[in-house]
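**Q** Before anything else, here's the structure in question.
Protein chains: 2
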Amino acid sequence: MIIELLMIGNEILIGKTQDTNSNWMAKRITKYGHQVKRITTIGDDLETISSTFKKILQRKPDIIITSGGIGPTFDDMTLEGIAKGLGRELILNEKAYNSIKKTYERAYHKGLLKLEGMTKEREKMAHLPQNSTPLPNTVGTAPGVKIIERDTTVIILPGVPAEMKSIFRNIIIPILKEEQGKFMEKGFTFMGIGESQIAPYISKLEEKYPQLWIKTHPRIGLAVQVEVSITAFNIENDEQLVAKVLNEIREIVVSLNGKIKEREFNSM
Amino acid sequence: MIIELLMIGNEILIGKTQDTNSNWMAKRITKYGHQVKRITTIGDDLETISSTFKKILQRKPDIIITSGGIGPTFDDMTLEGIAKGLGRELILNEKAYNSIKKTYERAYHKGLLKLEGMTKEREKMAHLPQNSTPLPNTVGTAPGVKIIERDTTVIILPGVPAEMKSIFRNIIIPILKEEQGKFMEKGFTFMGIGESQIAPYISKLEEKYPQLWIKTHPRIGLAVQVEVSITAFNIENDEQLVAKVLNEIREIVVSLNGKIKEREFNSM
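So the protein lines, in turn, are chains A and B.
Take the first sequence: its position 56, counting from 1, is numbered 56 in the working numbering, and each next residue is one higher.
Here the working numbering = 1-based position in the second sequence + 1000.
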């Protein structure tokens, strides 16, 4: 499956918050053999959210996952922006309303909050685009949202990492598993010859094995240590193939008078 | 100035590398009073790079900063993609060629590399879009690139953080300083009342002070600790104004029976 991530939050754009959500999600999506094609980060601005979301939809990914901007405050406008981008109305979702109400009641009775019951701002989180399914948020208040638009599944998640992760685990991982592909990445490191010296050999191997993604990457400084890694998605007998090609590259490194440093690692 | 960041690298999309470059840049851009409007992360794919770059250009930001994909290997195709997006040819830049050659000679004579002189792959890094200015890379080999396209300045940086930072400091910071604006952010934290309870008051303050960006954010769990922060860009007397509005919010918190926890912090 092809997946696009849309991260929404001014705090990321001003550099106050390091976005770790997209990396956390990308790791898991890759692990189950799917592909993150693009990550877009924008601010809490209605026009920007709706137009950006529309453009992502036009690229027809299988899944769009958004994170951020679904809380109670005035600057949380992801739901409104996505509704606009989809051309759907925002309507009160009863299931979402009841779950939000319950969460606030619990917090009130635990003495965490002084205000019981629903306010305009709390109600706002229960206004979802037409034909949405709310996704239970067991960690915070704002529920996630699932929307089907033609062949694309849209999943709207909170920006708070613990809340995002909880809904991702409960809802998205099962979807990823259902159409699970295979993914592996293995590599080794060498010294004494540079990336650019081995590059023509790697190019030839890439032509020979178009199903593999072979990459070199300087680990420490300029050629002090170079990492080679091979990534395989959904290949029959991929373990044997990756092992075989890694061996070919090790032989090339040695023939160029390079020195193998770390013989093998699993990089994911 | 309005700035867009374009991060290029498959390793980010597969979740292997946490992109910290965009956060590092965003902090500095914000500090000098400029605005990061969007961060786009894409893979090492020629078509994607050129079409995405074209779309960013169409939004006419003052500066586009890219990071990643300018090394010697076959999968580094940022320069080719941007040349295509600009409709310019890739041509050998003599200044870039000489600086790359010198770097490899130095590394050879230090015993770091076994291969002296230029190879096809090393030469590749010196092929820049027509009318480019190479930007010296004192940490690695691939030079950065500066291109002027109508009213937009395009700066192409390496993805290796140390190399990116070095060129950013030498080239971009002076540009940011030249048209420097003011930016400040201050806040405090409170307990006992939730984000949604204070939200209507904050909305009113936002209407009253449209030049400020006032934000609340749960710090620990649900209402256990909430952060309020005020961001000001380029306001006359902004320090006094921010201090005054923070005081108004403190009074609101207390009147709602909330408790001030941390009286003041500078959040940037």
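All residues carry an ideal CB built from backbone N, CA and C; glycine is no exception.
Output the distance between the C-alpha atoms of Arg1150/B and Thr1020/B, rounded to the nearest integer angstrom.
**A** Position 150 of the second sequence, counted from the start, is the residue given in the question as residue 1150/B. Position 20 of the second sequence, counted from the start, is the residue given in the question as residue 1020/B. In a straight line, the C-alpha of Arg1150/B is about 30 angstroms away from that of Thr1020/B.
**Q** When burial is assigned at 16 or more other CB atoms within 10 Å of the CB, is Lys244/A buried or exposed?
**A** Here the question's residue 244/A lines up with position 244 in the first sequence. It is exposed - the Cβ of Lys244/A has fewer than 16 other Cβ atoms within 10 Å.
**Q** Taking the alpha-carbon of Lys60/A as reference, which of Gln180/A, Lys186/A and Ile148/A has the nearest alpha-carbon?
**A** Along the first sequence, one-based indexing puts residue 60/A at 60. Measuring from the Cα of Lys60/A, the nearest candidate turns out to be Ile148/A.
**Q** Report the neighbours of Val36/A on chain B: residues whose CB is nearer than 8 angstroms to its CB, in chain order.
**A** Within the first sequence, residue 36/A is the residue found at index 36, counting from 1. Neighbours of Val36/A in chain B, taken as residues at a C-beta separation under 8 angstroms, are given in chain order as Leu1013, Ile1014 and Gly1015.
**Q** Pop quiz: Met164/A and Ala142/A are said to be a contact at Cβ under 8 angstroms. What is the actual Cβ separation, rounded to whole angstroms?
**A** For the purposes of this step, residue 164/A is identified with residue 164 of the first sequence, where counting begins at 1. For the purposes of this step, residue 142/A is identified with residue 142 of the first sequence, where counting begins at 1. At roughly 11 angstroms, the Cβ-Cβ gap does not stay under 8 angstroms, so Met164/A and Ala142/A are not in contact.
**Q** Can you confirm whether Thr41/A, when its beta carbon is compared against all beta carbons of chain B, has any partner nearer than 8 angstroms?
**A** Position 41 of the first sequence, counting from 1, holds the residue named residue 41/A. It does: the Cβ of Thr41/A has a partner Cβ on chain B nearer than 8 angstroms.
**Q** Once DSSP output is grouped into helix, strand and coil, what is the label at Gln58/A?
**A** Mapped onto the first sequence, residue 58/A falls at position 58. Helix, per DSSP.
**Q** Using a C-beta to C-beta distance shorter than 7 angstroms, which residues of chain B count as neighbours of Asp75/A?
**A** Here residue 75/A refers to the residue found at position 75 of the first sequence. Residues of chain B passing the Cβ test: Lys1215.
**Q** Among Tyr108/A, Thr153/A and Ile91/A, whose alpha-carbon lies nearest the alpha-carbon of Gly1194/B?
**A** Taking the first residue of the second sequence as 1, we reach residue 1194/B at position 194. Minimum Cα distance to Gly1194/B is reached at Tyr108/A.
**Q** In the DSSP assignment, what residue or residues form a beta bridge with Pro1129/B?
**A** Translated into positions along the second sequence, residue 1129/B becomes position 129. Pro1129/B is bridged to Leu1090/B.
**Q** Return the chain-ordered list of same chain residues with a C-beta closer than 8 angstroms to the C-beta of Val1254/B, the five sequence neighbours on each side being excluded.
**A** Here residue 1254/B refers to the residue found at position 254 of the second sequence. Sequence-distant partners of Val1254/B (beyond 5 residues in either direction) whose C-beta falls short of 8 angstroms from its own C-beta, in its chain, are Ile1260.
**Q** What in chain B is Cβ-close to Ile260/A, meaning under 8 angstroms?
**A** Position 260 of the first sequence, counted from the first residue, corresponds to residue 260/A. Neighbours of Ile260/A on chain B: none; closest Cβ ~15 angstroms, over 8 angstroms.
**Q** Determine the DSSP secondary structure at Arg219/A, reduced to helix, strand or coil.
**A** Residue mapping note: residue 219/A aligns to position 219 of the first sequence, counting from 1. In the structure shown, the three-state DSSP call for Arg219/A is strand.
**Q** Give me, in chain order, the residues of the same chain whose beta-carbon lies closer than 7 angstroms to that of Ile1078/B; leave out the 5 immediate sequence neighbours on both sides.
**A** The count along the second sequence starts at 1 and reaches residue 1078/B at position 78. First, the residue type needs correcting, since residue 1078/B is Thr and not Ile in the sequence shown. Counting only Cβ-Cβ distances below 7 angstroms, and skipping sequence neighbours, we find Ile1008, Ile1049, Thr1066, Gly1068, Gly1069, Ile1070 and Ile1156.
**Q** So Glu1206/B contacts chain A; which residues on that side make the cut at Cβ distance below 8 angstroms?
**A** For the purposes of this step, residue 1206/B is taken as the residue at position 206 of the second sequence. Under the 8 angstroms cutoff, chain A gives Phe74.
**Q** Any beta-carbon of chain B closer than 8 angstroms to the one on Gln180/A?
**A** Counting from one through the first sequence, the residue named residue 180/A turns up at place 180. Not one chain B Cβ lies under 8 angstroms of Gln180/A.
**Q** Counting only Cβ pairs nearer than 7 angstroms, list the residues of chain A close to Ser1196/B.
**A** The sequence position of residue 1196/B within the second sequence is 196, counting from 1. Here the neighbours are Pro72, Thr119, Glu121 and Arg122.
**Q** Where are the alpha helix (DSSP H) runs, 4 residues long or more, that stay fully inside the region 29-58 of chain A, in chain order?
**A** 46-58
**Q** Using C-beta distances below 7 angstroms, list every residue in its chain close to Ser966/B, excluding the 5 sequence neighbours before and after it, in chain order.
**A** The question about residue 966/B has no answer, for chain B in this structure spans 1001 to 1268.
**Q** Which same chain residues end up closer than 7 angstroms to Gly140/A when comparing Cβ atoms and leaving out the 5 residues on each side of it in sequence?
**A** The residue given as residue 140/A occupies position 140 in the first sequence. Only Pro158, Val160 and Glu163 meet the Cβ criterion.
**Q** Kindly say whether Pro1061/B, judged by its beta-carbon, lies nearer than 8 angstroms to any beta-carbon of chain A.
**A** To locate residue 1061/B, count along the second sequence from 1; it is residue 61. Chain A, which has no Cβ nearer than 8 angstroms to the Cβ of Pro1061/B, makes this no.
**Q** Please report the straight-line C-alpha distance between Asn23/A and Gln1018/B, rounded to a whole angstrom.
**A** To locate residue 23/A, count along the first sequence from 1; it is residue 23. To locate residue 1018/B, count along the second sequence from 1; it is residue 18. So the two alpha carbons sit approximately 6 angstroms from each other.
**Q** Taking the alpha helix (DSSP H) that Ala199/A belongs to, which residues open and close that run?
**A** Locating residue 199/A in the first sequence gives position 199, where the first residue counts as 1. Looking at the DSSP string, the run of the alpha helix (DSSP H) that includes Ala199/A is Glu195 to Lys208.
**Q** Got a sec: which bits of the region 160-172 of chain A sit with their beta carbon under 8 angstroms from any beta carbon on chain B, in order along the chain?
**A** Val160
**Q** Would Asn237/A count as contacting chain B if we go by Cβ distances under 8 angstroms?
**A** As a first step, residue 237/A is located in the first sequence; it is residue number 237 there, counting from the start. No, because no Cβ of chain B sits closer than 8 angstroms to the Cβ of Asn237/A.
**Q** Report all residues from its chain with a CB closer than 6 angstroms to the CB of Glu1004/B; omit the five preceding and five following residues, and keep chain order.
**A** For this step, residue 1004/B is matched to residue 4 along the second sequence. Result list for Glu1004/B: Lys1037, Arg1038, Ile1056, Pro1061 and Ile1064, in chain order.
**Q** Give every residue of the same chain whose Cβ lies closer than 6 angstroms to the Cβ of Ile29/A, excluding the five residues on either side of it in the sequence, and list them in chain order.
**A** Taking the first residue of the first sequence as 1, we reach residue 29/A at position 29. Contacts found: Ile3 and Val36.
**Q** What does a CB cutoff of less than 7 angstroms around Thr189/A pick up in its chain, not counting 5 residues either side in sequence?
**A** Position 189 of the first sequence, counted from the start, is the residue given in the question as residue 189/A. Excluding residues within five positions, the ones whose Cβ falls inside 7 angstroms are Arg219, Gln225, Val226, Glu227, Lys261 and Glu262.
**Q** Could you list which residues in chain D have their beta carbon closer than 8 angstroms to that of Lys1114/B, in chain order?
**A** Checking the listed chains, one finds no chain D in this structure; the protein chains it contains are A and B.
**Q** Tell me whether Leu1115/B is buried or exposed, calling it buried when 16 or more other Cβ atoms sit within 10 Å of its Cβ.
**A** In the second sequence, counting from the first residue as 1, residue 1115/B sits at position 115. Classification of Leu1115/B: buried, given that the 10 Å Cβ count is 16 or more.
**Q** Please confirm whether Arg106/A and Ser1196/B have their CB atoms less than 8 angstroms apart.
**A** For the purposes of this step, residue 106/A is identified with residue 106 of the first sequence, where counting begins at 1. For the purposes of this step, residue 1196/B is identified with residue 196 of the second sequence, where counting begins at 1. No, Cβ-Cβ distance for Arg106/A and Ser1196/B is not below 8 angstroms.
**Q** Determine the direct distance from the alpha carbon of Gln180/A to that of Gln240/A, and round the result to whole angstroms.
**A** Here the question's residue 240/A lines up with position 240 in the first sequence. Here the question's residue 180/A lines up with position 180 in the first sequence. Between Gln240/A and Gln180/A, the C-alpha separation is close to 20 angstroms.
**Q** Taking Cβ positions only, does Ile65/A come closer than 8 angstroms to chain B?
**A** As a first step, residue 65/A is located in the first sequence; it is residue number 65 there, counting from the start. No, its Cβ sits nowhere closer than 8 angstroms to a Cβ of chain B.
**Q** In the DSSP assignment, what are the bridge partners of Phe74/A?
**A** Position 74 of the first sequence, counted from the start, is the residue given in the question as residue 74/A. Phe74/A pairs with nothing; no bridge assigned.
**Q** Suppose you measure from the CA of Leu13/A to the CA of Thr41/A; what does that come to, to the nearest Å?
**A** Here residue 13/A refers to the residue found at position 13 of the first sequence. Here residue 41/A refers to the residue found at position 41 of the first sequence. Their Cα atoms are separated by approximately 8 angstroms.
**Q** Please classify Leu1086/B as buried or exposed, where buried requires at least 16 neighbouring CB atoms within 10 angstroms.
**A** The residue given as residue 1086/B occupies position 86 in the second sequence. When all chains shown are included, Leu1086/B counts as buried.
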